[in-house]
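Peer 1: Okay, handing you the structure first.
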Amino acid sequence: MNTLPFRFFLFFFSGVFAFHSIVDAEEKEGPLYQVQDGDTLYSIAQQFGGSVQSLQRLNGIENPSLISIGQILLLSDYFGVSGLVDTYKVQPGESFFSMPLELNNDLDTLIKLNRIVNPYTLYIGQPLIYKISDQLETYNQVGFSVIGQQDTLLSLAINADCSPYEIMILNGWSNATVTLPGELMYSPGSKTNASILSPFEDISISNEHPRQGQPVVISVDTDQETSVTGFFDGTKLNFSSINGRQVSFLGVHAMSDPGIYHLWVTATRSDDQIVTLEMRLPVADAQYGSQSLVLGHDKAKLLEDESVRVAEDQIILDTVSNFTENKLWEDGFDHPMSMDYITT
Numbered sequence: 474m475n476t477l478p479f480r481f482f483l484f485f486f487s488g489v490f491a492f493h494s495i496v497d498a499e500e501k502e503g504p505l506y507q508v509q510d511g512d513t514l515y516s517i518a519q520q521f522g523g524s525v526q527s528l529q530r531l532n533g534i535e536n537p538s539l540i541s542i543g544q545i546l547l548l549s550d551y552f553g554v555s556g557l558v559d560t561y562k563v564q565p566g567e568s569f570f571s572m573p574l575e576l577n578n579d580l581d582t583l584i585k586l587n588r589i590v591n592p593y594t595l596y597i598g599q600p601l602i603y604k605i606s607d608q609l610e611t612y613n614q615v616g617f618s619v620i621g622q623q624d625t626l627l628s629l630a631i632n633a634d635c636s637p638y639e640i641m642i643l644n645g646w647s648n649a650t651v652t653l654p655g656e657l658m659y660s661p662g663s664k665t666n667a668s669i670l671s672p673f674e675d676i677s678i679s680n681e682h683p684r685q686g687q688p689v690v691i692s693v694d695t696d697q698e699t700s701v702t703g704f705f706d707g708t709k710l711n712f713s714s715i716n717g718r719q720v721s722f723l724g725v726h727a728m729s730d731p732g733i734y735h736l737w738v739t740a741t742r743s744d745d746q747i748v749t750l751e752m753r754l755p756v757a758d759a760q761y762g763s764q765s766l767v768l769g770h771d772k773a774k775l776l777e778d779e780s781v782r783v784a785e786d787q788i789i790l791d792t793v794s795n796f797t798e799n800k801l802w803e804d805g806f807d808h809p810m811s812m813d814y815i816t817t
C-alpha cells in the first residue's frame, strides 16, 4: 500500500483545519492564545479559566483532541481585552507593581485579565495572564529603584543618565517636588533586572512551594556593602555569606496550617537606606497519615496538659534558634535508625 498520498492528505487536512481555526478565532473579539507544544484543551482551560466545552463552542472545535501547535484559540469571559495572551509565573522579589515593566502591560490590563481584587496578595509561582506586546524591548530599557533620603530629581536624573523631564514623564509626576524617600521610581536605561529592587541583584528560593515540614533555602545577591536580614511568618532569618551570596535556611513548621505565608527580605545599605522585598510563600498540605493510639489515663493527661506542651515547645525553639557563623556539621543527616515496620 502506498502511504505517501495518505500522509500528504492528512498533512493538508491538518493545515486547512488549523488555518480555518486561526481565521475564525481572529474574526471574533476577545483575547487569543496560541497553542504550544504539550497543550491540551483541558490544560488551556485550567490555565485561563473556563471549561473545555466553552473553548470548543467558541472556536468551533468538534473533537477536543484535535488541536495543533500554533493554532489560535479565542478565550472566553475577558471583556475589554484583545490580542494574543500568555501566562507568566511570579518570581521571587517581584510584585504586582513591577509586572508592567516585566510584561510590558499596563496595570489595568493585568487586573482585567487576572481578575485581581487585592494586588498585594500575589504569591511566588502564581501564574499571571498577560497580553503579548509587539514592543517587547520596551521594558528591558526601564528599571526601578527606591528614592533615597538625600535624592533629588536632578541627582536621580544624573544617576540614570537622562534628563529630569524623562523621569517625570515616566513616573507621571506633575512637578519636581513630588519625590518622597522610600517611594518606587521608574528610570530609563537601567542595566539591572527591571523586576527587582536595587540593591538586590538577584534572589532565588530553592523550594518555592514547600509542604508542611519541608526546608527552604533563600539565596540573595547584592553588592558587597549591603547586609541582609529577613523574617518568615514572624521567625527571624539569619543570612550567611556563601560563595559571594547571602544565604538563609528555614524550615516550615510541620504543624503549620496550609496557606500563604509572608516572607520579608531586607537589605540595608552602607548609607543606612533600607529596602524590603515583601513576598508571599505558599505552603501546601503534606498529606500526613493518621493513626489512633490508645493511652492510659496518666499518659493521656500528660498530652492534654497545655502548660507542659508549651514549655517543651519553648525548649525546642530555644535550641534550634541558636545561630552561629561557624559550621558545626559538614555531612548529610541520616535517620537514627531504620525499620521496615511501624509500631505503636
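With the numbering used here applied, the sequence shown corresponds to residues 474 to 817, in that order. Glycine is no exception: its CB is placed at the ideal position from the N, C-alpha and C atoms.
1) Using 10 angstroms around the beta-carbon of residue 513, count the other beta-carbons present and answer buried if the total reaches 16, otherwise exposed.
2) Can residue 546 and residue 528 be called in contact, C-beta distance under 8 Å?
3) Which residue or residues does DSSP assign as beta-bridge partners of residue 562?
4) Skipping 5 residues on each side, what residues in its chain have a beta carbon closer than 8 Å to that of residue 733?
5) Determine the contact status of residue 629 and residue 604, defining contact as a CB-CB distance below 8 Å.
6) Can you give me the C-alpha to C-alpha distance between residue 798 and residue 523, rounded to a whole angstrom?
7) In chain order, what residues of the same chain have a beta carbon less than 8 Å from the beta carbon of residue 562, not counting five sequence neighbours either side?
8) From residue 683 to residue 723, what does the alpha carbon distance come to, in whole angstroms?
9) Between 764, 691 and 698, which has its C-alpha nearest residue 709's C-alpha?
10) Thinking residue 731 and residue 758 are a contact (beta carbons under 8 Å), I'd like their distance in whole angstroms, please.
11) Name, in chain order, the residues that DSSP records as bridge partners for residue 719.
12) Which same chain residues, not among the five before or five after residue 693, have their C-beta less than 6 Å away from its C-beta?
13) Beta-carbon within less than 6 Å of residue 736's beta-carbon, same chain only, minus the 5 sequence neighbours each way: which residues are those?
14) Where does residue 761 fall in DSSP's three states?
15) Closest to residue 550 by C-alpha separation, out of 804, 521 and 543, would be which residue?
16) Which residue or residues does DSSP assign as beta-bridge partners of residue 709?
17) If distances are taken between C-alpha atoms only, which option among 584, 531 and 762 comes closest to residue 727?
18) Using only the alpha-carbon positions, how far apart do residue 591 and residue 584 sit?
19) Do you know how far the Cα of residue 510 is from the Cα of residue 559?
20) Note the first and the last residue of the continuous beta strand (DSSP E) segment covering residue 537.
21) Count the other C-beta atoms from every protein chain shown that fall within 10 angstroms of the C-beta of residue 790, then say buried if there are 16 or more, exposed otherwise.
22) With burial defined as no fewer than 16 other Cβ atoms inside 10 Å of the residue's Cβ, what is the status of residue 703: buried or exposed?
23) What do you get for residue 793, buried or exposed, if any count of 16 or more other CB atoms within 10 angstroms of its CB means buried?
24) What separation, rounded to the nearest whole angstrom, lies between the Cα atoms of residue 820 and residue 750?
25) Using only CA atoms, which one of 534, 539, 519 and 544 lies nearest to residue 505?
26) Can you name, in chain order, every residue of its own chain whose Cβ lies under 8 Å from the Cβ of residue 680, other than the five neighbours on each side?
Peer 2: Answer, in terms of the structure:
1) Classification for residue 513: exposed.
2) yes
3) 600
4) 594, 596, 753, 754, 755 and 756
5) no
6) 52 Å
7) 598, 599, 600 and 601
8) Looking at the two C-alpha atoms, the distance is approximately 11 Å.
9) 691
10) That pair is a contact at about 4 Å.
11) BP columns for residue 719 point to 693 and 714.
12) 676, 701 and 719
13) 705, 752 and 754, listed in sequence order.
14) Residue 761 carries a coil assignment under DSSP once its states are collapsed to helix, strand and coil.
15) Among 804, 521 and 543, the Cα nearest to that of residue 550 belongs to 521.
16) 704
17) 762
18) 9 Å
19) Taking the CA atoms as reference points, residue 559 sits about 14 Å from residue 510.
20) Note, residue 537: premise wrong, no beta strand (DSSP E); not H, not E.
21) exposed
22) Answer is buried; the Cβ neighbour count reaches 16.
23) Taking every protein chain shown into account, the CB of residue 793 has fewer than 16 other CB atoms within 10 angstroms, so this residue is exposed.
24) No statement about residue 820 is possible, as the shown extent of the chain runs from 474 to 817 and does not include it.
25) 544
26) Excluding residues within five positions, the ones whose Cβ falls inside 8 Å are 687, 688, 689 and 690.
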